[in-house]
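Residue numbers (my numbering): 9 to 81.
Built from N, CA and C at the ideal position, the CB exists for glycine as well.
The structure appears right after this line, and notes come after that.
Have a look at this one:
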């Protein structure tokens with residue numbers, strides 16, 4: 009699991025640094041689109057507005073993610 013997290017951390021870091029918007033679909037069917045602001049070994053914070061407004065941040069646990077893709081906003 010630690011190796012999996014290191015790969016994930018590397019990819020998330022790249023997306024965060026390059027301000028690349030992502031679309032995340034959860035296992036329950038919820039869809040979130042936005043910029044990655046923070047992440048740790050269990051979840052990430054997604055900024056849905058793109059304005060760094062903490063009221064629009066969504067916390068998504070890695071275990072809940074069904075799929076991800078980059079998108080153009």
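C-beta atoms of residue i and residue j nearer than 8 angstroms
{"i": "residue 78", "j": "residue 29", "result": "yes"}
{"i": "residue 69", "j": "residue 35", "result": "no"}
{"i": "residue 58", "j": "residue 42", "result": "yes"}
Cα-Cα separation, residue i to residue j
{"i": "residue 23", "j": "residue 40", "result": "15 angstroms"}
{"i": "residue 47", "j": "residue 19", "result": "11 angstroms"}
{"i": "residue 17", "j": "residue 33", "result": "19 angstroms"}
{"i": "residue 26", "j": "residue 45", "result": "11 angstroms"}
Cβ neighbour criterion (16 or more within 10 Å) applied to residue i
{"i": "residue 81", "result": "exposed"}
heavy atom of the ligand MN below 7 angstroms from residue i C-beta
{"i": "residue 38", "result": "With respect to the ligand MN, the structure shown offers nothing to examine, as it has no ligands at all."}
Residue i, enclosing beta strand (DSSP E) - first and last residue
{"i": "residue 46", "result": "39-47"}
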